[in-house]
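Residue numbers (the UniProt record's numbering): 1 to 110. Presented below is the structure to which this report refers.
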C-alpha cells in the first residue's frame with residue numbers, strides 16, 4: 001500500500017476514534033511503508049551484440065536506435081524522415097517526455 005494511502009487510512013481511524021467513539025487512539029507504533037529500491041538491469045555490450053545479431057530489418061533498426069540514441073520506444077516509433085539529420089548525426093525527438101522537443105545523437109551504426 002502506498003504511503004499516502006496509509007496516511008489517509010490512519011487519519012480516518014484517528015478521526016473515528018476521537019470524534020465518534022470519544023476514545024484516545026494512543027500510540028500505535030505505526031510505521032509507514034518505504035519505497036523499495038529497484039536497480040535497473042543493464043546489459044553488457046557483448047550481450048547487446050548477441051541480441052542484435054539475432055535481429056534483422058526493421059526490428060534491428062528500432063533496437064539499434066533505442067540502444068544507440070537513448071530513445072524511448074514511443075519516441076522511436078514516432079520518428080519521421082525529417083527528424084533525422086545525417087550530416088550532423090543527430091535525431092530530433094518531437095513531443096517526447098514532458099511534451100518537449102529535444103535532440104540526441106544518431107548512432108554510427110544506424
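Don't be surprised by glycine CBs; every beta carbon is placed ideally from N, CA and C.
- Partner residues in the beta bridge of residue 91, as assigned by DSSP, are 84, 104.
- With a cutoff of 8 Å on beta-carbon distance, residue 67 and residue 48 are scored as near each other.
- Residue 104 holds the alpha-carbon nearest to the alpha-carbon of residue 91 among 104, 97, 98.
- For the pair residue 16 and residue 4, the Cα-to-Cα distance works out to about 18 Å.
- For residue 74, the enclosing alpha helix (DSSP H) has its first and last residue at 73-77.
- Judged by their CB atoms, residue 71 and residue 93 are nearer to each other than the 8 Å cut-off.
- Non-local C-beta neighbours of residue 84 in its own chain, meaning closer than 7 Å and more than five positions away in sequence, comprise 91, 106, ordered along the chain.
- If you draw a straight line from the Cα of residue 6 to the Cα of residue 34, it comes to about 11 Å.
- Residue state for residue 58 is assigned as helix, using DSSP reduced to three classes.
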